[in-house]
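If you count by the UniProt record's numbering, then the sequence shown holds residues 1 to 89, one letter each, in order.
In this text, a Cβ means the ideal position worked out from N, Cα and C, and glycines have one as well.
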Amino acid sequence: MLIMQNTNIALSGKSAEYRPNAPKTQVMIWQIVRTLSEIDAEYYLQVSDIEGGATDADLKAHLMQKLRASHRARRQAYVHQLEELRQQR
1 MLIMQNTNIA
11 LSGKSAEYRP
21 NAPKTQVMIW
31 QIVRTLSEID
41 AEYYLQVSDI
51 EGGATDADLK
61 AHLMQKLRAS
71 HRARRQAYVH
81 QLEELRQQR
């Protein structure tokens, strides 16, 4: 899909339709994706800390389980919002 910034016309295949919110939606999608990337980067740093720090295997497994649950919970609202915006396009 091609979105023309100045005219707010979205071209999809052969049809063109007027979408007044297309640029705003694109910006919102970009912001959400950026936030998700930041959440993921923090997660992988924390994974590295756990893998390099804890020596007890049971403790590592417990910490990783808590970290994965926290990571999923932090991402969930953003992923849901992203899906809603994609459906509007």
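The beta carbon of VAL47 sits closer than 8 Å to those of MET64 and LEU67, all from its chain and outside the five residues before and after it, given in chain order. Across the set ALA41, SER37 and TYR43, the C-alpha of SER37 shows the shortest separation from the C-alpha of VAL79.
When DSSP states are grouped into helix, strand and coil, THR25 belongs to the helix group. Proximity of the region 26-42 to the region 50-61 falls short of the contact definition, fewer than three beta-carbon pairs being nearer than 8 Å.
Counting the other Cβ atoms within 10 Å of the Cβ of ALA22 gives 16 or more, which makes it buried.
The three-state secondary structure of ASP58, taken from DSSP, is helix.
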